[in-house]
DNA sequence: CCTATAACCGGGAGCGCTTCCAGTATTTCG
DNA sequence: CGAAATACTGGAAGCGCTCCCGGTTATAGG
């Protein structure tokens, strides 16, 4: 039960010596560089296998100026917001594409000023090869740092009022339009909306989509209330909506959580869904299947968002150019509309 | 709008030159080492400020053999399980203590064999200074690697049938006993349990706690069914329980999610809660407040678990010894019992 | 068979930092 | 005031790798 003596890992020099070649030659076979004879390659490969050699990441990083690490930074004032399953999904997506590379993922929850300055240092000391940023507000000092650092950086979700060079976002506008058009197609004419919080890009874009679809259909918004993306917020919003526009016959809600709250309030108020009023949500979270009735909603794949961000970052690190991408959304029909 | 030319970061040599001292002297002031005169220190500090110098992490890592990075590894066959809010809470806890250090967090979702071998390499190449492991099964090859690597390693949640040298866990056993004793104190005598999945440490420990409390009270288990920790699983379990033991008057459920399912089935079956049957859950997740009636449950702080794991790891890295810790749990009284 | 070309090889200079050590300046104290 | 202790200092040797470059050997071509 004695702890195995942590035998020191062999170095490249030792491998080279055992293989009877120079360190340069050994390095070449490891990096699959050209100009290495068959005999040399085999000798080195044998030595590597026999000694269980693995190149030291740090030394390699110092020599190549590449750390083999990418960062995912979530900049929020409230660290609790990270608990939103949204980020877990992002991470699953990111990890799945990283898994086929030899890059690792550094996770930075930069909430406090201290956290942000740690992140700044990390970038300036070239501690990572690239970075993915989420939930950045337009005035976050990180934006400046990131662009100054001259480091590949992709944004997840386009920040409002600020167009970064590279970002990946879901088609919030298109999805909202889809949802609203569906309501219109159902023959509804008094369509309200519970919009997301003002100033959040997703909230704004979904609201624009709603408006555009209304205009196209020759309708005017029939009640607009702001919610905070939570279930409780959706419930509250629905109550004020019922007060101000008791005759509404449909509502487009900018998130499933808010839709769930709205649904609850509607049935409590004696309105049948979708009979009296049709409801459609946004996100297609698990909760959408468990509401009563099940929620018709706009699907966005968060894992796909994470994957696409990562692919883009890898391309940038490899020196390729890329253009920002908007991921499609689609309508999922269930019982509520 | 031209991208700022990413000016190369100054090196220690340049700082030393500007300060008119040797590199060694400059290094000493940066590392707050002794034997540096006041004049030298001030000259170097001024140079650092003027040039905006920041030590290069990689070079320092190579010289000190310390990377300044710790890993959090979640080893699951199903990457989706990472989406459980449990891990997000862990990460929030971990990050909050890391924030006061200059260590960064590497997140490894090691699901596939590929992911696991990446992790193995990371450890063997000394890519991290220490590691926190979660959700390890006893036969995971990682266990061997970790102990062989001779690297500080703390487990989150003691794996079943395997006692690692350092771990942090919630007091699952004590919590379950508390819950069951509460039921006993309420005068209930026909107490069933929906236990967690067999072979999971948490599930087993909570079950043992239930049994111990029953024995202490001179009662015998009145129905034991296994659930899978999900709401649906809890509902199914409750149904079979109602079939086999229709006269039960209480049930201890090994998770809030399962309890929510059980609650639903009970009211559907016409049993009043807590009138006919009292229910207590485990975890104190958000859902516990939203069930009908609100769920009496055992609280465990997952963030605290993350924090404690991190503190322990930091201590180990610093060369201090530590002993494993069990975090207390407590009963939260709500309407269901 | 001899030269032009290409394939291969190892020496060595980094990458940017820490740290040991021998040497010099400064105290301290008998 | 001189010797022993002490505080500083900079040179230099790493840490383990990559990669340029001049030199050597194999291949081709005339």
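Residue numbers (this note's numbering), protein chains in the order written: chain A, 182 to 518; chain B, 182 to 518. Glycine included, each C-beta is placed from N, C-alpha and C at the ideal position. This one's a predicted model, so the numbers in the text were calculated from it and none came from an experiment.
For residue 221/B, report the span of its alpha helix (DSSP H) as first-last.
Residue 221/B -> alpha helix (DSSP H) spans 219-232.
Could you check whether the Cβ of residue 239/A sits closer than 8 Å to any Cβ belonging to chain B?
Output row for residue 239/A: interface = yes.
Which residues in the same chain as residue 425/B place their Cβ atom closer than 7 Å to its Cβ, once the five residues preceding and following it in sequence are excluded?
The residues are 404.
Which residues in chain A have a C-beta closer than 7 Å to the C-beta of residue 296/B? List them in chain order.
By Cβ distance, chain A contributes 280.
Report the CB separation of residue 214/B from residue 256/B in whole angstroms; it is logged as a contact under 8 Å.
Residue 214/B to residue 256/B, Cβ: 40 Å. No contact.
Nearest chain A C-beta to residue 520/B closer than 8 Å, yes or no?
Residue 520/B is absent from the structure shown; chain B starts at 182 and stops at 518.
According to the Cβ coordinates, are residue 472/B and residue 513/B closer than 8 Å?
The answer is no: Cβ separation not under 8 Å.
Determine, using beta carbons only, whether residue 463/B and residue 360/B come nearer to each other than 8 Å.
A contact, by the Cβ cut-off of 8 Å.
Give me the residue from 423/B, 470/B and 407/B with the minimum Cα distance to residue 413/A.
For residue 413/A, the nearest C-alpha among the options comes from 470/B.
Is it right to say residue 501/A is buried, meaning 16 or more other beta carbons lie within 10 angstroms of its own, or is it exposed?
Classification of residue 501/A: exposed, given that the 10 Å Cβ count is below 16.
List the residues that DSSP assigns as beta-bridge partners of residue 478/B.
Residue 478/B pairs with 462/B and 513/B.
With 8 Å as the limit, tell me which residues of the stretch 305-324 of chain B have their beta carbon closer than that to any beta carbon of chain A; keep them in chain order.
From the stretch 305-324 of chain B, only 305, 306, 307 and 308 have a Cβ closer than 8 Å to chain A.
Write down the C-beta distance between residue 518/A and residue 459/A rounded to the nearest angstrom, noting that I regard them as a contact closer than 8 Å.
The pair is a contact, with the Cβ atoms about 4 Å apart (cut-off 8 Å).
By Cβ distance below 8 Å, which residues in the same chain neighbour residue 246/B in space, the five residues on each side in sequence not counted?
Cβ neighbours of residue 246/B beyond the five flanking positions: 307.
Along the chain, where does the alpha helix (DSSP H) that runs through residue 424/A open and close?
Residues 412-425.
To the nearest whole angstrom, what separates the beta carbons of residue 381/A and residue 341/A, a pair I think is in contact under 8 Å?
With 8 Å as the limit, residue 381/A and residue 341/A qualify as a contact, their Cβ atoms being about 7 Å apart.
Alpha helix (DSSP H) containing residue 363/B: first to last residue?
Start and end: 353-366.
Mind checking residue 511/B: buried by the 16 CB within 10 Å criterion, or exposed?
By the neighbour-count rule (16 or more Cβ atoms within 10 Å), residue 511/B is not buried but exposed.
Give the interface partners of residue 234/A over in chain B, defined as CB-CB distance under 7 Å, in chain order.
By Cβ distance, chain B contributes nothing, its closest Cβ being about 10 Å from residue 234/A, past 7 Å.
Spatial neighbours of residue 428/A within its chain, please: C-beta separation below 7 Å, excluding the five flanking residues on both sides.
The answer, listed in chain order, is 371.
Strictly under 8 Å for the Cβ-Cβ distance: is residue 400/A near chain B by that measure?
Closer than 8 Å: no.
Should residue 351/B be flagged as near chain A, meaning a C-beta pair shorter than 8 Å?
Not an interface residue.
Looking only at its chain, what residues have a beta carbon closer than 7 Å to the beta carbon of residue 540/A, apart from the 5 residues adjacent to it on each side?
Lying before the first or after the last residue shown, residue 540/A is absent from chain A, which here runs from 182 to 518.
Pick out the complete alpha helix (DSSP H) segments inside the stretch 249-302 of chain A, 4 residues or longer, and give them in chain order.
If we require 4 residues or more, the alpha helix (DSSP H) runs fully inside the stretch 249-302 of chain A come out as 266-279.
Just to confirm, are residue 311/A and residue 383/A a CB contact at a threshold of 8 Å?
For residue 311/A and residue 383/A, no; Cβs fall outside 8 Å.
Identify, in the order they occur along the chain, each residue of the same chain with its Cβ nearer than 6 Å to the Cβ of residue 284/B, setting aside the five sequence neighbours on each side.
The answer, listed in chain order, is 249 and 251.
So for residue 376/A, helix, strand or coil by DSSP?
Reduced to three states, the DSSP call for residue 376/A is strand.
Hey, does residue 501/A have any beta-carbon neighbour from chain B nearer than 8 Å?
Answer no: the Cβ-Cβ gap between residue 501/A and chain B never drops below 8 Å.
Which residues in chain A have a C-beta closer than 9 Å to the C-beta of residue 497/B? List them in chain order.
Result: empty, since nearest Cβ-Cβ is about 13 Å, beyond 9 Å.
Using the beta-carbon count (16 or more within 10 Å), is residue 212/B buried or exposed?
Under this definition residue 212/B is an exposed residue.
Residue 311/B by DSSP, collapsed to three states: which one?
Strand.
Against chain A, with Cβ distances strictly below 8 Å, would residue 273/B count as a contact?
For residue 273/B, the answer is yes, since a Cβ of chain A falls inside 8 Å of its Cβ.
Closer than 9 Å, Cβ to Cβ, to anything on chain B: give me those residues from the stretch 242-261 of chain A, in chain order.
Flagged, chain order: 242, 243, 246, 248, 249, 250, 252, 253, 260 and 261.
Using a beta-carbon distance below 8 Å, is residue 290/A in contact with chain B?
At least one chain B Cβ lies under 8 Å of residue 290/A.
Could you give the distance in angstroms between the alpha-carbon of residue 419/A and the alpha-carbon of residue 465/A?
Roughly 20 Å between the two C-alpha positions.
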